[in-house]
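Keeping their order, the protein sequence lines are chains A and B.
Numbered by UniProt numbering, the letters in the first sequence go through residues 1 to 251 in order.
Numbered by UniProt numbering, the letters in the second sequence go through residues 1 to 251 in order.
Where is the CB? At the ideal position from N, CA and C, for every residue including glycine.
Owing to the predicted nature of the structure, the values given are computational and were not obtained by experimental measurement.
There are 2 protein chains.
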Amino acid sequence: MASITSATQPLAAKLREYEALSREEEQVLESAVSAIRDIDINQDMVVEGESPDHSTLLLSGYAARYNMTADGRRQITAVHISGDFVDLHSFLMRPMDHSIVALTPCRIAVVPHTALTRITETQPHLTRILWLSTVIDGGIHRKWAVALGSLQGHQQLAHLICELYLRLKQVDLTDGWTFQLPLTQTLLSEALALSTVHTNRVVQVLRKENVIRWERDQITILDWDRLVEIAEFDPIYLRAPRLLQEGQSAA
Amino acid sequence: MASITSATQPLAAKLREYEALSREEEQVLESAVSAIRDIDINQDMVVEGESPDHSTLLLSGYAARYNMTADGRRQITAVHISGDFVDLHSFLMRPMDHSIVALTPCRIAVVPHTALTRITETQPHLTRILWLSTVIDGGIHRKWAVALGSLQGHQQLAHLICELYLRLKQVDLTDGWTFQLPLTQTLLSEALALSTVHTNRVVQVLRKENVIRWERDQITILDWDRLVEIAEFDPIYLRAPRLLQEGQSAA
DNA sequence: CGTTTACTTGAGGTTAGTCAAAGAGCGTGG
DNA sequence: CCACGCTCTTTGACTAACCTCAAGTAAACG
Numbered sequence: 001m002a003s004i005t006s007a008t009q010p011l012a013a014k015l016r017e018y019e020a021l022s023r024e025e026e027q028v029l030e031s032a033v034s035a036i037r038d039i040d041i042n043q044d045m046v047v048e049g050e051s052p053d054h055s056t057l058l059l060s061g062y063a064a065r066y067n068m069t070a071d072g073r074r075q076i077t078a079v080h081i082s083g084d085f086v087d088l089h090s091f092l093m094r095p096m097d098h099s100i101v102a103l104t105p106c107r108i109a110v111v112p113h114t115a116l117t118r119i120t121e122t123q124p125h126l127t128r129i130l131w132l133s134t135v136i137d138g139g140i141h142r143k144w145a146v147a148l149g150s151l152q153g154h155q156q157l158a159h160l161i162c163e164l165y166l167r168l169k170q171v172d173l174t175d176g177w178t179f180q181l182p183l184t185q186t187l188l189s190e191a192l193a194l195s196t197v198h199t200n201r202v203v204q205v206l207r208k209e210n211v212i213r214w215e216r217d218q219i220t221i222l223d224w225d226r227l228v229e230i231a232e233f234d235p236i237y238l239r240a241p242r243l244l245q246e247g248q249s250a251a
Numbered sequence: 001m002a003s004i005t006s007a008t009q010p011l012a013a014k015l016r017e018y019e020a021l022s023r024e025e026e027q028v029l030e031s032a033v034s035a036i037r038d039i040d041i042n043q044d045m046v047v048e049g050e051s052p053d054h055s056t057l058l059l060s061g062y063a064a065r066y067n068m069t070a071d072g073r074r075q076i077t078a079v080h081i082s083g084d085f086v087d088l089h090s091f092l093m094r095p096m097d098h099s100i101v102a103l104t105p106c107r108i109a110v111v112p113h114t115a116l117t118r119i120t121e122t123q124p125h126l127t128r129i130l131w132l133s134t135v136i137d138g139g140i141h142r143k144w145a146v147a148l149g150s151l152q153g154h155q156q157l158a159h160l161i162c163e164l165y166l167r168l169k170q171v172d173l174t175d176g177w178t179f180q181l182p183l184t185q186t187l188l189s190e191a192l193a194l195s196t197v198h199t200n201r202v203v204q205v206l207r208k209e210n211v212i213r214w215e216r217d218q219i220t221i222l223d224w225d226r227l228v229e230i231a232e233f234d235p236i237y238l239r240a241p242r243l244l245q246e247g248q249s250a251a
């Protein structure tokens with residue numbers, strides 16, 4: 001199938017940021033994919049409580065990792081984009097302790113856990129890079145915890161925008177200072193742990209200060225330095241050395 | 001050195017919760033330790049910004065993972081206990097994006113990254129279990145993010161107590177419903193992201209409801225079911241199947 | 001026994017939540 | 001083309017959770 005041939009390109013692009021991949025390793029990754037599937041918007045691609053026998057690689061679209069709270073609210077703990085191995089950890093940790101929902105129509109690649117086991121048995125270097133990618137996910141969660149604990153609403157929003165901008169740039173999904181953010185303010189409020197009313201006011205703060213523009217689902221960063229300052233953003237946790245230089249020199 | 005011989009016992013005990021370890025694997029772990037060190041209270045055992053050439057296994061004592069915020073406050077993102085491989089991920093992700101401080105005098109084992117690389121090249125099964133342990137750390141961070149975002153102060157405290165109780169039980173550091181928590185209320189406030197004043201009031205809520213007793217650095221759980229209810233605690237993320245059964249049947 | 005550190009309490013202010021409703025954008029069908 | 005309904009965004013008024021400042025008490029330690 002032609003579409004499978006290049007399925008792991010966004011992932012490989014991201015992994016290459018961390019460390020060089022040999023041609024053989026890229027092929028091993030490719031051949032680990034057993035199927036390509038399309039997921040409807042608002043559909044769960046991974047469900048809490050289940051013990052999948054495969055992991056899910058997001059090829060295109062946006063997804064969100066979330067937990068439900070006792071009072072029925074939803075707390076989003078990560079936003080996922082092309083190239084993210086959204087539940088690589090389900091290979092090791094089952095059942096899932098959270099769900100992942102498609103925020104847009106998504107295309108995913110299915111990677112059976114048996115294939116991952118084989119990689120750990122024959123490809124130590126590739127294994128370490130995949131391990132690293134779950135470790136970086138953990139670092140992102142750690143940063144979110146810091147943000148949720150110690151930043152005010154508008155700072156949290158600024159932080160989320162900084163993070164997504166760099167991660168999207170990593171897989172070449174930015175257009176200058178503009179990128180797509182297909183989140184309604186209701187969804188955004190679930191990520192920032194704010195009420196929808198307050199989320200709206202917090203968006204207006206960044207707009208009125210001319211730090212960002214947000215129209216439909218397009219975000220444009222008008223003042224990166226100011227955004228970084230507001231967010232107290234330190235990009236080191238994203239482990240994207242190439243982008244750091246560009247990000248810091250940019251106006 | 002006699003002390004090295006049994007250094008990895010608490011770690012092995014924890015890993016065995018996840019999956020059986022062969023005798024050979026336990027010996028490989030043991031021989032990965034290059035040194036034992038003692039860390040003074042309040043001393044950093046891992047420092048943000050550094051790129052250590054080894055990982056740190058906590059043998060005894062309590063430690064906290066933290067990030068500094070721009071205004072000089074400290075956000076604790078995890079509490080670590082005996083058997084925790086506190087910076088296993090520094091093997092893959094350097095430099096460190098956070099520090100780890102000793103909350104009590106600690107004894108640690110030093111595991112050179114070269115030894116970990118060797119494990120990934122010769123011990124695929126052990127590698128997967130170590131990988132799993134970093135994945136569980138990530139799950140704990142995810143839970144903290146949910147708690148920081150969606151729980152009230154007294155619920156967060158209840159959640160922290162539930163988590164620590166089960167994790168301590170896993171390495172046999174509980175005494176009935178009592179365990180040691182060497183945190184001042186100031187430290188606790190840095191973990192819960194509350195002011196010290198409010199932290200104090202939140203502690204009083206759980207005390208007045210007769211859910212916990214907290215004297216000096218000893219915590220006693222008086223009503224586990226109620227504590228779980230307040231915390232909206234679901235222990236699945238800790239991946240401790242043996243304890244779950246006991247925990248659920250306990251009064 | 002005095003000093004330090006940790007804990008506790010009170011009062012008033014700030015951030016964010018809730019409830020309610022009004023506007024804006026968009027698709028659908030008459 | 002317009003009217004209607006749907007969803008998303010925006011605004012206002014009031015409330016709750018949590019913060020800061022300030023001071024006082026208790027326990028730990030030399």
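Item, Value
"Chain B contacts from the segment 110 to 144 of chain A (Cβ-Cβ distance under 7 Å)", "T120, E121, P124, T127, R128, W131, L132, T134, V135, I136, D137, G138, G139, H141, R142, W144"
"Contact under 7 Å by Cβ, I136/A with R239/A", "yes"
"D137/B: CB within 6 Å of a non-hydrogen atom of the ligand NAP", "The ligand NAP is absent from the structure shown, which contains no ligand whatsoever."
"Residue of L92/A, L59/A, I140/A minimising C-alpha distance to L173/A", "L59/A"
"Distance CB(L222/A)-CB(V205/A) smaller than 7 Å", "no"
"Residue 302/B: contacting residues in chain A (beta-carbon distance under 7 Å)", "Because chain B in this structure spans residues 1 to 251, residue 302/B falls outside the shown range and cannot be described."
"Neighbour flag for T220/A against chain B, beta carbons, 7 Å", "no"
"Euclidean distance between Cα positions of A193/A and T114/B", "41 Å"
"Bounding residues of the beta strand (DSSP E) (the contiguous stretch that carries T178/B)", "178 to 180"
"Contact list for D97/B against chain A, beta-carbon separation under 7 Å", "G139, I236, Y237"
"Under 8 Å by beta carbon: chain B residues contacting H154/A", "Near H154/A there are no residues of chain B at all, since even the closest Cβ is about 14 Å away, more than 8 Å."
"Three-state secondary structure (DSSP) of I4/A", "Caution is warranted here: a pLDDT of 48 is assigned to I4/A, below 50, making its placement in the model unreliable, and the coordinate value is therefore given only provisionally. Helix."
"Assumed close pair residue 252/A, S55/A - CB separation to whole angstroms, cut-off 8 Å", "No answer is possible for residue 252/A: it lies beyond the span of chain A, which begins at 1 and ends at 251."
"Start and end residues, beta strand (DSSP E) containing residue 253/A", "Beyond the ends of chain A as shown, which are 1 and 251, falls residue 253/A; an answer cannot be given."
"Exposure of I41/B, with buried meaning 16 or more beta-carbon neighbours within 10 Å", "exposed"
"S133/B burial status per 10 Å Cβ neighbour count (16 or more: buried)", "buried"
"Buried versus exposed call for G176/B [16 or more other C-beta atoms within 10 Å across all chains shown]", "exposed"
"Cross-chain neighbours of A70/A in chain B, by beta carbon under 7 Å", "E232"
"V47/A - containing beta strand (DSSP E), residue span", "From DSSP, V47/A is part of no beta strand (DSSP E); its letter is neither H nor E."
"Neighbour flag for V146/B against chain A, beta carbons, 7 Å", "yes"
"Touch test, the segment 36 to 52 of chain A against the segment 102 to 114 of chain A, Cβ-Cβ under 8 Å, three pairs minimum", "yes"
"Partner residues on chain B for M93/A, Cβ-Cβ distance less than 8 Å", "L132, V135, I136, G139, R239"
"Residue burial classification, K208/B (beta-carbon count within 10 angstroms, cutoff 16)", "exposed"
"Rounded C-alpha distance that separates residue 276/B from T199/A", "For chain B, the structure presents residues 1 to 251; residue 276/B sits outside this window and is missing."
"Collapsed DSSP secondary structure at Q248/A in the structure displayed", "Reliability of the predicted coordinates at Q248/A is poor, the pLDDT of 45 falling under 50, and no value is obtained from them."
"Any beta strand (DSSP E) of 3 or more consecutive residues that is wholly inside the UniProt domain \"Cyclic nucleotide-binding\" (17 to 119) of chain A", "35 to 39, 44 to 46, 54 to 60, 63 to 68, 74 to 80, 99 to 102, 106 to 112"
"Spatial distance of V146/A from V171/B (CA atoms)", "28 Å"
"Nearest candidate by alpha-carbon position, reference G149/B, set A191/B, Q27/B, D71/B", "A191/B"
"Members of the segment 33 to 54 of chain B that neighbour chain A once the beta carbon cut-off is set at 8 Å", "none"
"For F91/A, the nearest candidate out of I119/A, A64/A, R201/A, D217/A (CA to CA)", "I119/A"
"Minimum Cβ-Cβ distance from N67/B to chain A less than 7 Å", "yes"
"Chain-order list of residues whose beta-carbon lies under 6 Å from that of E19/B (same chain, five-residue window excluded)", "I129"
"Residues near Y165/B in its chain [Cβ-Cβ closer than 7 Å; skip 5 each side]", "T174, F179, I221"
"Run of the beta strand (DSSP E) containing I221/A, from where it starts to where it stops", "218 to 221"
"Cβ-based burial, A70/B [other Cβ within 10 Å; buried from 16]", "exposed"
"is_contact[T77/B, chain A] using C-beta, thresh 7 Å", "yes"
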